[in-house]
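Peer 1: According to numbering that gives the first Met the number 0, the sequence shown is numbered sequentially starting from 0.
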Amino acid sequence: MRGGRRRRGVAARRARGALAARPGRRAVARAVLTQAAPRVEAVAARLRDRGHEVLALALTRIVERGRAPLREAIGRIDSFDVVVLVSPAAVQVAARLAPEWPERTAAAVVGPGSRAAFDDAGFRRAPLRILSPGEPPFDGAALAALPPLEEPSGLRVLVLRGESGSDAWIDALRARGASVEVVAAYRHEAIDPDPDALDALRGWLDDAARPPCFAPFFVFAQAAGVERLDTVLARTGLRERAKRCIALAIHPRIAQALRDAGWRDVRAIAPGEQALARALESASDSSSPHVV
Numbered sequence: 000m001r002g003g004r005r006r007r008g009v010a011a012r013r014a015r016g017a018l019a020a021r022p023g024r025r026a027v028a029r030a031v032l033t034q035a036a037p038r039v040e041a042v043a044a045r046l047r048d049r050g051h052e053v054l055a056l057a058l059t060r061i062v063e064r065g066r067a068p069l070r071e072a073i074g075r076i077d078s079f080d081v082v083v084l085v086s087p088a089a090v091q092v093a094a095r096l097a098p099e100w101p102e103r104t105a106a107a108v109v110g111p112g113s114r115a116a117f118d119d120a121g122f123r124r125a126p127l128r129i130l131s132p133g134e135p136p137f138d139g140a141a142l143a144a145l146p147p148l149e150e151p152s153g154l155r156v157l158v159l160r161g162e163s164g165s166d167a168w169i170d171a172l173r174a175r176g177a178s179v180e181v182v183a184a185y186r187h188e189a190i191d192p193d194p195d196a197l198d199a200l201r202g203w204l205d206d207a208a209r210p211p212c213f214a215p216f217f218v219f220a221q222a223a224g225v226e227r228l229d230t231v232l233a234r235t236g237l238r239e240r241a242k243r244c245i246a247l248a249i250h251p252r253i254a255q256a257l258r259d260a261g262w263r264d265v266r267a268i269a270p271g272e273q274a275l276a277r278a279l280e281s282a283s284d285s286s287s288p289h290v291v
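(1) Kindly indicate which three-state DSSP category I249 falls into: helix, strand or coil?
(2) Secondary structure at L32, three-state DSSP: helix, strand or coil?
(3) Note down the Cα distance separating A282 from C212, rounded to an integer number of angstroms.
(4) Could you give the DSSP three-state label for S281: helix, strand or coil?
(5) I need the straight-line Cα distance from E63 to A184, nearest angstrom please.
(6) At which residue ranges does the region 66-152 contain complete beta strand (DSSP E) runs of 3 or more residues, listed in the order of the chain?
(7) Hey, R155 and V81: beta-carbon distance below 9 Å or not?
(8) Tell whether a beta-carbon distance below 9 Å holds between S131 and G110.
(9) Quick one, which of H250, A30, L232 has its alpha-carbon nearest D138's?
(10) Got a sec? Which residues, its chain only, sit under 6 Å from A260 by beta carbon, not counting five neighbours each side?
(11) Throw me the rounded Cβ distance for the A97 and I76 pair, which I believe falls under 8 Å.
(12) Could you tell me which whole beta strand (DSSP E) segments of length 3 or greater appear in the region 170-252?
(13) How big is the Cα-Cα spacing for R160 and S86?
(14) Please report the distance separating the alpha-carbon of E239 from that of I73.
(15) Please look up how many angstroms separate the CB atoms of A106 and L142, rounded, as I've assumed it's under 8 Å.
(16) For V9, count neighbouring C-beta atoms within 10 Å of its own C-beta (all shown protein chains included) and say buried if the count is 16 or more, exposed if not.
(17) Report the residue from V231, A241, A220 whose alpha carbon sits nearest the alpha carbon of V39.
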């Protein structure tokens, strides 16, 4: 029993060290990221480079769909005028299956997070044109209002997404004359967070109860992640303490799910890593952002 507790304690201390900001910097903020693996690790690393302590608490992982429709559609990618990649995960799948993007085909994304994913995706030849809304709202409807999608008659459009998603903007494109194919490129598979990461989170929440009350921010990029994290926190006895912390949500729907789940301080932020970094640094500069 004692040996088990000792090993868990050592593992937790090691996990905390891995979460720390780069040496020589004082942590600006502590952030718990709930985005899907494996991309969450790259986001965490860049936030650490900015001086933050970051815990990657992935609740799902992205699993590429291996079925024939995906590979058949990617094999015809140069026949499409526009390929819409609805998430960073879709960008990563496209880079693996079509590393040399055809010059004639434009890529399109709905937000800054997906736009930034091109930097990590590993394309040997990236798209020459990437369509993306320049300001909120970052969604399919806003993308469909951009040229050439605003007048899409005759355009051939491929949409790569997860197993589900909004169809309203796709139906609108079809109604205006576009030929649109929708292919499921990946799925989210639920995973259990690493026990060492949960031990590290417990340590952070313990710190939050003591002056100077340096509490973490919880970051949510999916509404489904709210319920999933709630289950994990309840199982570990951390739910009530966690919900006293600030929750950052990249979409109003996620923010509402957090409020419905009992989070007390929910703040909406724009999607994308730069917006997240600014939100963490801005909140950390306020008079008492960490008091719980």
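Glycine included, every Cβ here is placed at the ideal spot set by N, Cα and C. Note that the structure is predicted; figures quoted are calculated from it, not measured.
Peer 2: The answer reads as follows:
(1) coil
(2) strand
(3) 14 Å
(4) helix
(5) 6 Å
(6) 81-84, 105-108
(7) yes
(8) yes
(9) H250
(10) V225, D229
(11) So it is a contact: roughly 5 Å between Cβ atoms.
(12) 178-183, 185-189, 216-219, 245-248
(13) 7 Å
(14) 46 Å
(15) With a Cβ gap of about 11 Å, A106 and L142 do not count as contacting.
(16) Legend: pLDDT at V9 = 41, less than 50; position of this residue unreliable, value from coordinates given subsequently. The residue is exposed, with fewer than 16 neighbouring Cβ atoms inside 10 Å.
(17) A220
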